[in-house]
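Heads up, the thing below is written out as structure tokens.
Residue numbers (our numbering), protein chains in the order written: chain A, 4 to 210; chain B, 833 to 917.
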């Protein structure tokens, strides 16, 4: 298979209190903070998965964006799909790291939460997605200063060309302080958008 | 005792983020793990921290939790007998 044969099948964005699939608005609520918005979006997307509420913000964001793209593929299938996950961001799990640090800074009041601590790695998000969609596939979470379309393109192409994966769910899931952004796209042999660096940047920057 | 049971139900829902469950849905003798509320191993660790933080009870062996966290009824009895705050 040649790299130019690969396509971007679908893409999803969650930012600015909006959820979009292929640029089509699925949900919007401008009057709420992230915590309320993401829970309302979860309910609107009919994502029946109670463990969602236990996740940290980064995992909630990645989980919901992934679910929108993967649910149509995995929900009626008994067979596990070979869809690799290649995510990236700049803040790693910093938002949760700070929350954990806040619980251990006072030695007189030292009660770290196990439920917070388990999310002090960004790739836990990939585990949550893999469990929900029964994926036993390759997964990686990279930390970059900025969205790195070239790296994601080369990595996803390599996974498919070397038969490590049939499709690759790629993108950027970032969460820190009050800022959050999810942009995920599915690289496949099907679809109408060419999978190249220029198209990835175009999709990412069209907000 | 009934106040403590109510308090425990509220704390479990809030601290374990059981958003889809109302206090009225938790009976005093419901299993907290497995087929009951469906809590998991991380929840068990959270409950151990809660016992320490809110009631001054330190469990040295996490396996003790298996008996203590059987139900709200069992938890409330244990806390009443062992609490230091």
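We put the CB at the ideal spot given by N, CA and C, even for glycine.
Test: residue i CB closer than 8 Å to a CB of chain A
i: residue 849(B); result: yes
i: residue 852(B); result: yes
i: residue 874(B); result: yes
i: residue 864(B); result: no
i: residue 776(B); result: Given that chain B is displayed from residue 833 to residue 917, the structure contains no residue 776(B) and the question cannot be resolved.
i: residue 906(B); result: no
Three-state class that DSSP yields for residue i in the structure shown
i: residue 92(A); result: strand
i: residue 902(B); result: coil
i: residue 37(A); result: helix
i: residue 139(A); result: coil
i: residue 854(B); result: coil
i: residue 896(B); result: helix
i: residue 859(B); result: coil
i: residue 78(A); result: coil
i: residue 871(B); result: strand
i: residue 120(A); result: helix
Endpoints, beta strand (DSSP E) assigned at residue i
i: residue 16(A); result: 10-18
i: residue 28(A); result: 27-31
i: residue 2(A); result: This structure cannot settle anything about residue 2(A), because the visible part of chain A is limited to 4 through 210.
Cutoff 8 Å: residue i Cβ touching any chain B Cβ
i: residue 125(A); result: no
i: residue 96(A); result: no
i: residue 75(A); result: no
Beta bridge counterpart(s) of residue i as assigned by DSSP
i: residue 178(A); result: 183(A)
i: residue 86(A); result: 170(A)
i: residue 127(A); result: DSSP, once it has assigned bridges, lists no residue as partnering residue 127(A).
First and last residue of the uninterrupted alpha helix (DSSP H) at residue i
i: residue 208(A); result: 200-208
i: residue 101(A); result: 97-107
i: residue 844(B); result: 834-847
Which of the residues in the region 116-140 of chain A, read from start to end, lie with their CB under 8 Å from any CB of chain B? 116, 117, 118, 121
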